[in-house]
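Participant: Under my numbering, the first residue of the sequence shown carries the number 29, and numbering increases by one thereafter.
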Amino acid sequence: AYPALVPGTDIVKARIVGFDQTGEKTNAAIRVSKHMSYQLLEEMEEWEENMDKLLMAVPIVGCMFKKTYFDPSKGRNCSITVYPREFVVDYDTVSLDTAYRKTHVMHLTANDIKKNVNAGIFCDCELGDPQLAVAKDDIAGTKPVKVTGGSTYPTLEQHTYLDLDDDGIEEPYIITVNKDSQKVQRIYPCFDIDEVETNEKGAITSIPQIEYFTKFGFVPSPDGGFYDMGFGQFLGPINKTVDTVINQLLDSGHMSMLGGGFLARGVRLQKGDFKFKPNEWKQVNSMGDDLRKGIVPLPTNEPSAVMFNLLGMMINQAQRLASTMDSMVGENPGQNQKATTTLAVIEQGTKVFSGIYKRLHRSFKQELRLLFKLNSMYMDVEDYFTVLDPNIPQEHMGRVLQEDYNEELMNIVPAADTTVTSMQQKMIKAQALFCLLYTSDAADDLL
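(1) So, under 8 Å CB-CB, L69 and T109 are touching, yes? Tell me the CB distance rounded to an integer number of Å.
(2) Rounded to the nearest angstrom, what separates G223 and V34 at their Cα positions?
(3) Q311 by DSSP, collapsed to three states: which one?
(4) Per DSSP, what are the beta-bridge partners of V117 in this structure?
(5) Report all residues from its chain with a CB closer than 6 Å to the CB of V145; omit the five preceding and five following residues, and keep chain order.
(6) Report back the beta-carbon spacing between H63 and D408 to the nearest angstrom; my notes put them in contact at under 8 Å.
(7) If we cut at 8 Å on Cβ distances, does Q430 have a partner in chain B?
(8) Run through the region 221-304 for me and flag every whole alpha helix (DSSP H) of 4 or more residues, listed as ranges in chain order.
(9) Under 8 Å, with one C-beta from each stretch per pair, do the region 272-290 and the region 99-114 reach the 3-pair mark?
(10) In whole angstroms, what is the alpha-carbon distance linking D118 and K130?
(11) Under three-state DSSP, which class holds Y181?
(12) Only counting the same chain, and skipping five residues up and downstream in sequence, which positions put a Cβ closer than 6 Å to that of D191?
(13) Does the contact criterion of 3 or more C-beta pairs under 8 Å hold for the region 228-241 versus the region 265-279?
(14) Comparing alpha-carbon positions, which option in F392, I384, A458 and G426 lies nearest G90?
(15) Just the Cα atoms here: how many angstroms apart are T37 and W75?
(16) Between which residues of its own chain and L402 is the CB-CB distance below 8 Å, once the five residues before and five after are set aside?
(17) Suppose you measure from the CA of V40 to the CA of N55; what does that come to, to the nearest Å?
(18) Apart from the five residues on each side of it in sequence, which residues of its chain come closer than 6 Å, Cβ to Cβ, to P248?
(19) Could you pull out every residue in the same chain whose Cβ sits closer than 8 Å to the Cβ of S332, ignoring the five residues on either side in sequence?
(20) Measure the C-alpha to C-alpha separation of T180 and P200 and round it to an integer number of angstroms.
(21) Under the three-state reduction of DSSP, which class applies to V175: helix, strand or coil?
(22) What are the start and end residues of the beta strand (DSSP E) that includes M438?
(23) Using only the alpha-carbon positions, how far apart do A42 and P265 sit?
(24) With the cut-off set at 8 Å, would you say T121 and F254 are in Cβ contact?
(25) For Y111, which three-state DSSP category applies?
(26) Cβ atoms of D317 and V295: under 8 Å apart, would you say?
(27) Hey, which unbroken runs of the beta strand (DSSP E) at 3 residues or more fall wholly within the region 188-226?
(28) Relative to the C-alpha of H13, which residue among F219, G245 and V212 is closest?
(29) Throw me the rounded Cβ distance for the G258 and P87 pair, which I believe falls under 8 Å.
(30) With a CB to CB cut of under 8 Å and the five nearest residues on each side skipped, what residues in its chain are close to G358?
(31) In terms of DSSP beta bridges, what is R427 paired with?
(32) Of the residues N227, Y240 and R214, which one's Cα is nearest the Cα of E154?
If you want it as structure tokens, here you go:
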């Protein structure tokens, strides 16, 4: 999915909403598409690498998260990968939108905290002892996530609701707490005052929360849980069985080759272990018949053919479950199979991948909409940037307006096609379009 979602320089596509009579919406959509593509590839330096890591980890763990936010210290939007062990929600949470609280477990160094204090982001409060926290974890038997680069302080950034004005309605806030000292470092509103809805009497009816996180899932949990499932859950039992069978085959072959057995008391041999080199003969004080009668080999069996067949069956089932058969990984299925048959087999095998890819495409669209929202809030009135596509018209090059980021004018979607997951599918689609265009030109010439 990585080369499909990030095919080149055009990553974001803006679709206009409603009828465009003057062409202003189309021009704004072009500016927004180019500007957001530039942000992801050039301005947000960490985005592409984090996306690569996320798409590599999603099939294994089943669920990953992206945090998209505006960093005042850097003066730009940022997007980082958050692993499931660093993201905590309520046990009964069904979706990210309905979660009452979402906690991002961060590990900040003393230097990071001091810079945030100097920038006015954190308040200067007491910090706990990281060594004491490690000792407590050792006593409790827990293993916290260790981050290299000096002592780190576990910091909890919780997106939750809090009633600070005592009006009986909880508003969305971001509360940052040092875990060791249990001191609050920051409280920041997580809503836009202009989006607060009221009724005719002026009472608040809705306070939309500004979302920071995007969930990327692999296969939804069948029990309706929040965390999705990955190949780590699907292939885990099969992988353990394969490991057990391989170890048993190796142990059986090891015992069969090395041998061993029992020695009778009447056999006159030197004490200790007997080790033989190639072409070596040793003298003993016993007759050959006595040796044959006094040495009984240990009854061992060679590696079982049944266990070997079981190993092949388990590996075959794992390949089927992961959709990694010979044709799916680029191997030649055989000399007598037709090309059309091979394409049909590959197309059937990509059904699972197509569903997974569409889920990733849907999550990517949500992340782009978060970035769109951040641009509408924090971007300058007018921004100039280096255009990635030199074919864009001159009047749209390198310039975007904050008023272009209007949710009522356009929708933001990835430029990637959800129905195309392989280069072969792209070639077939391009060939069909070419034939259709060629047929249309021939018909025009005949007319």
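Using N, Cα and C, we set each Cβ at its ideal position, and we do this for glycine too.
Facilitator: According to the data block:
(1) With a beta-carbon spacing of about 17 Å, L69 and T109 fall beyond the 8 Å limit used to define contacts.
(2) First, the residue type needs correcting, since residue 223 is Glu and not Gly in the sequence shown. Looking at the backbone, the Cα of E223 and that of V34 are separated by about 33 Å.
(3) Q311: coil per DSSP, three-state reduction.
(4) For V117, which the question treats as bridged, DSSP gives the partners K130.
(5) Same-chain partners within the cutoff: D152.
(6) Separation of the CB atoms of H63 and D408 is rounded to 12 Å, and the pair is thereby denied contact status at 8 Å.
(7) Among the protein chains of the structure shown there is no chain B, as only one such chain exists.
(8) Whole alpha helix (DSSP H) segments, 4+ residues: 259-262 and 264-286.
(9) Not touching, per the Cβ criterion.
(10) For D118 and K130, the gap between their C-alpha atoms comes out near 8 Å.
(11) Residue state for Y181 is assigned as strand, using DSSP reduced to three classes.
(12) Closer than 6 Å at the Cβ level, and outside the excluded window around D191, lie E198.
(13) In short, these stretches do not touch, since the Cβ pair count stays below three.
(14) When each option's Cα is compared against that of G90, the closest is I384.
(15) Their Cα atoms are separated by approximately 14 Å.
(16) Here the set comprises T96, Y97, F98 and N105.
(17) Put simply, the backbone Cα of V40 is about 15 Å away from that of N55.
(18) If we look at P248 and ignore the five residues flanking it on each side, its Cβ neighbours are D256.
(19) Within the same chain, S332 has close Cβ partners L277 and S280.
(20) Rounded to whole angstroms, the separation of the alpha carbons of P200 and T180 is 28 Å.
(21) With a pLDDT of only 44 at V175, under the threshold of 50, the placement of this residue in the model should not be trusted, and no figure is reported.
(22) Residues M438 to P442.
(23) If you take the alpha carbons of A42 and P265, they lie about 44 Å apart.
(24) Against a cut-off of 8 Å, the Cβ pair of F254 and T121 comes out as a contact.
(25) The DSSP-derived three-state label of Y111 is coil.
(26) Cβ distance not < 8 Å, so V295 and D317 don't count as in contact.
(27) You should have 199-206 and 211-217.
(28) Nothing can be reported for residue 13: it is not among the residues displayed for the chain, which extend from 29 to 475.
(29) Confirmed, Cβ separation roughly 6 Å.
(30) Here G358 scores only 48 on pLDDT, less than 50, and its place in the model is too uncertain to base an answer on.
(31) In the DSSP output, where bridge partners are listed per residue, R427 has Y412.
(32) For the residues N227, Y240 and R214, the minimum Cα distance to E154 belongs to R214.
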